[in-house]
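J.: Submitted below is the structure of interest, expressed as structure tokens.
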Amino acid sequence: MGRAVTVATCALNQWALDFEGNLERIFRSIDIAKRRGARYRLGPELEICGYGCSDHYYESDTLLHSFQVLAKLLESPATQDIICDVGMPVLHRNVRYNCRVIFLNKKILLIRPKISLANAGNYRELRWFTPWNKARHVEEYFLPRVIQEVTGQETVPFGDAVLATKDTCLGAEICEELWAPNSPHIEMGLDGVEIFTNSSGSHHVLRKAHTRVDLVNSATAKNGGIYILANQKGCDGDRLYYDGCAMISLNGETVAQGSQFSLDDVEVLVATLDLEDVRSYRAEISSRNLAASKVNPYPRVKVNFALSRSDDVAVPTCMPFQWRHHSPEEEISLGPACWLWDYLRRSKQAGFLLPLSGGIDSSATACIVYSMCHQVCLAVKNGNVDVLADARKIVNDETYVPEDPREFCKRIFTTCYMASENSSQDTCNRAKLLAEQIGSYHINLNIDAAVKAIVGIFSVVTGRTPCFSVYGGSSRENLALQNVQARIRMVLAYLFAQLTLWTRGMPGGLLVLGSANVDESLRGYLTKYDCSSADINPIGGISKTDLKNFIQYCIENFQLTALGSIMSAPPTAELEPLVDGQVAQTDEADMGMTYAELSIYGKLRKIAKAGPYSMFCKLINMWKEICTPREVASKVKHFFRMYSINRHKMTTLTPSYHAENYSPDDNRFDLRPFLYNTTWSWQFRCIDKQVN
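Residues in the sequence shown are numbered from 1 upward in steps of one, following the UniProt record's numbering.
Below, the structure written as structure tokens:
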């Protein structure tokens, strides 16, 4: 009868400019889709070159190599008898477009350019591409010679069109277009398009997955239809982790769900769906049918091919189910762990080194590495040959099989407690016990000799010896002496990262992990070029509150009992002298604000776009039960003074996993000056006027 269509979508772990690897993963996804009976295969956005090419999009080489890969796909027998929808940049009349190239049996059917470009937050598509602003308009695209030789075509349709097969009609959206208020699927659905496709390059943010799922399901809830979403997955070369979640929806309900976090480089979803379900669903929506009678039609590219088979009466179709979302604690456990694995294997290093202080932040970082080891062992157990091959390369053992997370952790993870005369025995014991429970190779060392040597040089040159404030020193002396300790730890971390494996008779070097959370970075509560300066930081985009919840999750799920005492201890830098053997310095006292307050300041500053005055106006209502307006004003002023004084530190912030929408990351996400007038005289005067 020709009503059951079988379609495939995928999540691919593509890597920017890795044309060889990207092609291999595309071929694997097509092969899986065909073997499972699919007649249409959708891939992620810009999958041929990788989404994160950034300014490499300007280079003609990127365009050339993308077309070379496309030629390999077109000429391969593997792509025969299945409509393939791939993503790549295309230059049309000297303008670069982010495109879908849809082909069948060595013929390009349509090149569809992106209409709405992502240009907020981490996205800068308007820097490299131009949106296609000619609605329902198609032009001739003159193919490069390398493609003409394969297809025998000189020109192909380029523009805003849909595909009309023998049995249905398909229309493409690209990532941001789903999020736009005037999404193309609305008009396409009214014009009779029954299958919508969306190729995405959408990254992970804590608590975001449900938004994407809701958007996909709502796209067909009002208008009927089949919606197919593909997404990139993994770390393709920068701070973002693309979190898969490929899915297929029918009439507002999910019928196929891909994983959000996994170490599989290629994941393919295949679903068989009944076109008559779309048609009957639409039949009774009279408002839709009235609007459809007036719609401006799309150009249709006729395709002599069917997504269904004539003898499909007995073919079973997929049934809807409820999407299962991860908790934020599970997301922290899995997302940064997968990002670390991609970074480790692609950087060709032999593991990680972490300065482990016995506090919440460094302990959370250690737990994420331990979670990564769990994921690796689980993937190998499930038969993932790619993960096994990568693990063997990392440990330099051709016969190695990672089976026990603790044993694997011992091989690839070094933790180091760097004590000083200001360190307590409690934090030393906590770090040691946690290292034992996760299995890391643990080092205890003392930095006092190095600190004394540095301060000694200063004293010899100047004839002055600085003192801590508890011994009568000024605040300048006190801060300088804390900074010396912190910076010595960074120097030692890199020394041990380079040579620890050498001392153990093992090849390679280690990546240094940082462990400053997003709230500390926002406030600038860190020493520039201390242990927060590292190669990468898996928790740099995560709030202290979420990290505490994650620690509790690890206690319950990984049975890491050492974390209990870490959770109950007050956060401290341990850079000032002990009093009667006990820590006298605490983070929140030093900062003049709590971590809970910092999280609120961060969300108001970035997400709510609030300057000092607007933040004050919002907080006098939010905190009216606990603070007077004058107290709110004092808190807001203190935050903005500290934020602006320390903003320069963000220019050297360690590349961090992006997990929060209030991240102060200066590289791309949060673009601000780093030299402020820290008096904020006009803004603070406006606040004072309202207080009075």
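Note that beta-carbon positions come from the ideal geometry of N, C-alpha and C, so glycine has one too.
1) Would the beta-carbon of Thr151 fall within 8 Å of that of Ile195?
2) Determine, using beta carbons only, whether Leu575 and Ala486 come nearer to each other than 8 Å.
3) Please identify the residue among His325, Leu117, Tyr123, Leu143 whose C-alpha is closest to the C-alpha of Asn133.
4) Determine the DSSP secondary structure at Gly335, reduced to helix, strand or coil.
5) According to DSSP, what are the bridge partners of Leu388?
6) Give, in chain order, every unbroken run of the alpha helix (DSSP H) that is at least 4 residues long and sits entirely within the region 617-646.
7) Relative to the C-alpha of residue 693, which residue among Asp236, Ala230, Ser262, Leu275 is closest?
8) Using DSSP's beta-bridge definition, name the partner residues of Leu501.
9) Of the choices Trp680, Phe669, His658, whose alpha-carbon is the least far from that of Cys235?
10) Just mark Met650 as buried or exposed, buried being the case when its beta carbon has 16 or more other beta carbons within 10 Å.
11) Does the Cβ-Cβ distance between Ile26 and Glu47 come in under 8 Å?
12) For the region 266-333, list the beta strand (DSSP E) runs that are entirely contained and at least 3 residues long, ordered along the chain.
13) Which whole runs of the beta strand (DSSP E) in the region 366-421 are 3 residues long or more, in chain order?
14) Do the region 361-369 and the region 513-527 make contact, defined as three or more Cβ pairs closer than 8 Å?
15) How far does the alpha helix (DSSP H) with Cys686 in it reach, from first residue to last?
16) Who are the Cβ neighbours of Ser543 in its own chain at under 7 Å, not counting the five residues just before and after it?
17) Rounded to a whole number of angstroms, what is the C-alpha to C-alpha distance between Pro320 and Val213?
18) In angstroms, rounded to a whole number, what distance separates the CA positions of Thr628 and Gly87?
19) Please tell me whether Thr652 and Lys528 are closer than 8 Å, where the distance is taken between their beta carbons.
20) Please name the residue, chosen from Trp339, Leu481, Tyr51, Pro507, that lies closest to Arg411 on a Cα-to-Cα basis.
21) Would you say the region 253-268 touches the region 7-26, given that touching needs at least three Cβ pairs under 8 Å?
22) Within 10 Å of its beta-carbon, does Trp682 have 16 or more other beta-carbons around it, so buried, or fewer, so exposed?
23) So, helix, strand or coil for Arg41, using DSSP?
24) Tell me the residue span of the beta strand (DSSP E) that contains Arg96.
25) Check each candidate in Ser634, Ile83, Gln437 and name the one with the smallest Cα separation from Tyr40.
26) Among Gly524, Ile607, Ser347, whose alpha-carbon lies nearest the alpha-carbon of Ile645?
27) Just how far apart, CA to CA, sit Asp312 and Asn13?
28) Among Asn304, Ser634, Met418, Cys467, which has the Cα closest to the Cα of Val491?
29) Counting C-beta neighbours from all protein chains within 10 Å, is the total for Met642 16 or more, i.e. buried, or is it exposed?
30) Buried or exposed, going by whether 16 or more other CB atoms sit within 10 Å of the CB of Met188?
31) Considering only their Cβ atoms, is the gap separating Phe67 from Ile147 smaller than 8 Å?
32) Considering only residues of the same chain and omitting the five flanking positions on each side of Ser259, which have a CB-CB separation below 8 Å?
33) According to DSSP, is Ala493 helix, strand or coil?
34) Can you grab the Cα-Cα spacing for the pair Thr165 / Ala271, in whole Å?
35) Using 10 angstroms around the beta-carbon of Ala142, count the other beta-carbons present and answer buried if the total reaches 16, otherwise exposed.
36) How many angstroms separate the CA atom of Val301 from the CA atom of Pro157?
T.: Reading off the structure:
1) The Cβ-Cβ distance between Thr151 and Ile195 does not fall below 8 Å.
2) Yes, Cβ-Cβ distance for Leu575 and Ala486 is below 8 Å.
3) Nearest C-alpha to Asn133: Leu117.
4) In the structure shown, Gly335 sits in a helix (DSSP, three-state: H, G or I).
5) BP columns for Leu388 are empty, so no partner.
6) Taking only runs of at least 4 residues, the alpha helix (DSSP H) segments lying wholly in the region 617-646 are 629-646.
7) This structure cannot settle anything about residue 693, because the visible part of the chain is limited to 1 through 692.
8) Under the DSSP definition of a beta bridge, Leu501 lacks any partner.
9) The candidate whose alpha carbon is nearest that of Cys235 is His658.
10) Met650 is buried by the Cβ-count criterion.
11) A contact, by the Cβ cut-off of 8 Å.
12) Residue ranges of uninterrupted beta strand (DSSP E) with 3 or more members, entirely inside the region 266-333 and ordered along the chain, are 266-274, 300-302.
13) Within the region 366-421, the complete beta strand (DSSP E) runs of at least 3 residues are 413-419.
14) In short, these stretches touch, since the Cβ pair count reaches three.
15) Where Cys686 is concerned, the enclosing alpha helix (DSSP H) stretches over 681-691.
16) Once the five neighbours on either side are set aside, the close Cβ partners of Ser543 are Asn517, Val518, Asp519, Ser599, Glu660.
17) Taking the CA atoms as reference points, Pro320 sits about 13 Å from Val213.
18) Taken atom to atom, the span from the alpha-carbon of Thr628 to that of Gly87 is near 56 Å.
19) Yes; because the gap between Cβ atoms is below 8 Å, this pair is in contact.
20) Nearest in C-alpha terms to Arg411, of all of Trp339, Leu481, Tyr51, Pro507, is Pro507.
21) A contact exists between the region 253-268 and the region 7-26.
22) Flag for Trp682 reads exposed.
23) DSSP, reduced to helix, strand and coil, places Arg41 within a strand of the structure shown.
24) Where Arg96 is concerned, the enclosing beta strand (DSSP E) stretches over 95-104.
25) Proximity to Tyr40 across Ser634, Ile83, Gln437 peaks at Ile83, based on C-alpha coordinates.
26) Comparing Cα positions, the closest option is Gly524.
27) Their backbone Cα atoms lie some 34 Å apart in a straight line.
28) With respect to the C-alpha of Val491, the residue from Asn304, Ser634, Met418, Cys467 having the closest C-alpha is Met418.
29) Of the other Cβ atoms in all chains shown, 16 or more fall within 10 Å of the Cβ of Met642; this residue is therefore buried.
30) Met188 comes out buried.
31) The Cβ atoms of Ile147 and Phe67 sit closer than 8 Å to each other.
32) The residues are Ala11, Gly244, Cys245, Glu267.
33) Here Ala493 sits in helix by DSSP.
34) Roughly 18 Å between the two C-alpha positions.
35) It is worth fixing the name first, because residue 142 is Phe in this sequence and not Ala. In the assembly as shown, Phe142 is an exposed residue. Its beta-carbon has fewer than 16 other beta-carbons within 10 Å.
36) Looking at the two C-alpha atoms, the distance is approximately 8 Å.
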